[in-house]
Amino acid sequence: MRNDTIQTQTNREMGSLYAEPANGFHAKNTKGQVITCKAAVLWGPKEAFTIEDVEVHPPQKMEVRIKVICTSICHTDLGAWNALNEAHRAFPRILGHEAAGIVESVGEGVVDLSEGDHVVPVFNGECGECVYCISSKTNLCERYRVDPTRCVMTGDSKTRFFTKKGGQPIYHFLNTSTFTEYTVLDSACVVKINPNAPIEKMSLLSCGVTTGVGAAWNTANVKNGSSVAVFGLGAVGLAANLSLRSSMSVLWL
Numbered sequence: 088m089r090n091d092t093i094q095t096q097t098n099r100e101m102g103s104l105y106a107e108p109a110n111g112f113h114a115k116n117t118k119g120q121v122i123t124c125k126a127a128v129l130w131g132p133k134e135a136f137t138i139e140d141v142e143v144h145p146p147q148k149m150e151v152r153i154k155v156i157c158t159s160i161c162h163t164d165l166g167a168w169n170a171l172n173e174a175h176r177a178f179p180r181i182l183g184h185e186a187a188g189i190v191e192s193v194g195e196g197v198v199d200l201s202e203g204d205h206v207v208p209v210f211n212g213e214c215g216e217c218v219y220c221i222s223s224k225t226n227l228c229e230r231y232r233v234d235p236t237r238c239v240m241t242g243d244s245k246t247r248f249f250t251k252k253g254g255q256p257i258y259h260f261l262n263t264s265t266f267t268e269y270t271v272l273d274s275a276c277v278v279k280i281n282p283n284a285p286i287e288k289m290s291l292l293s294c295g296v297t298t299g300v301g302a303a304w305n306t307a308n309v310k311n312g313s314s315v316a317v318f319g320l321g322a323v324g325l326a327a328n329l330s331l332r333s334s335m336s337v338l339w340l
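Following our numbering, the numbering of the sequence shown begins with 88 at its first residue and continues without gaps.
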């Protein structure tokens, strides 16, 4: 699904909101209600996405409902579309995990996010309490770490997506599901960003940029003054390069 198509449609629907650098989104009649919107639904391995009306239910305890402004496509989405690993198959499903959006409403107990906040979803959430979160290995959080087999919300093991026609459950993907105009996430999988940042460009922070930066800073553990070779200059390679070039000698390959 094309990112520019999603962005154009959303811009038109949001009107002046899209141009506002600060908070100003008002849920009005949608807070606490089921929202009907468009989503790209995958009904089976390697099938064509279908754009259809879906119902997005309100966020429950410690959850957030987001209006998606922009979403990007990652190779991980392609892998899920292929569904070569039978353990990862759950259909129908809404894929997508790189996005930027605006908080429409929050569920009970959410205190660090509020209506109108500009945010990006993250598939590696942190509970802040497990043995991994209180160490330096927060990416292994026992509750919110990446799990391609998980296809429902963490709190009650239910989905928040249903088909408009027939009310069939639609499954979640990677704690995020962003190929939709509205999505529901655990609050632990949502990060607030500066409202002055160009939101149409912030979706890459959800995966591509952080993957490249993390590869350089964490996996390779590159030190100041090192000479580094970056193989491949796609989105991830460029992000790795930008994270290194200020203090190191970098060879692009």
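Yeah, the Cβ is synthetic: ideal placement off N, Cα and C, and Gly gets one too.
The continuous alpha helix (DSSP H) containing G166 extends over residues H162 to N169. Counting only residues of its own chain and dropping the five nearest sequence neighbours on each side, A170 has a CB closer than 6 Å to the CB of P132 and R176. When C-beta atoms of the stretch 124 to 131 are compared with those of the stretch 273 to 285, fewer than three pairs fall below 8 Å, so the two segments do not count as touching.
Cβ neighbours of T246 within its own chain (closer than 8 Å, five residues either side excluded): C238, V239, M240, P256, I257, Y258 and H259.
When the beta-carbon positions are compared, I153 and E191 come within less than 9 Å of each other. In the DSSP assignment, K279 forms a beta bridge with V206. Residue range I122 to V128 is occupied by the beta strand (DSSP E) that includes A127. Here the alpha carbons of I138 and N311 stand approximately 48 Å from one another. In this structure, V233 and N211 form a Cβ contact; the two beta carbons are roughly 6 Å apart against a cut-off of 8 Å. Between H184 and L261, the beta carbon gap of about 4 Å places them in contact (Cβ cut-off 8 Å). With a cutoff of 9 Å on beta-carbon distance, L325 and G299 are scored as near each other. The DSSP-derived three-state label of A135 is coil. Closest in alpha carbon position to T236, among C124, A167 and V143, is A167. Pairing T250 with P179 gives a Cβ-Cβ distance under 9 Å. Annotation note: the stretch 229 to 270 contains no uninterrupted alpha helix (DSSP H) run of length 4 or greater. In this structure V151 touches L200 by the C-beta definition: roughly 6 Å separates them, less than 8 Å. The distance from the Cβ of V218 to that of S290 is about 32 Å, inconsistent with a contact at the 8 Å cut-off. Distance from the CA atom of E134 to the CA atom of N328, rounded to whole angstroms, is 36 Å. At a Cβ-Cβ threshold of 9 Å, C294 and T163 count as neighbours.
At least 9 Å separates the beta-carbon of K125 from that of E287.
When the Cα atoms are used, C220 and I280 turn out to be separated by approximately 21 Å.
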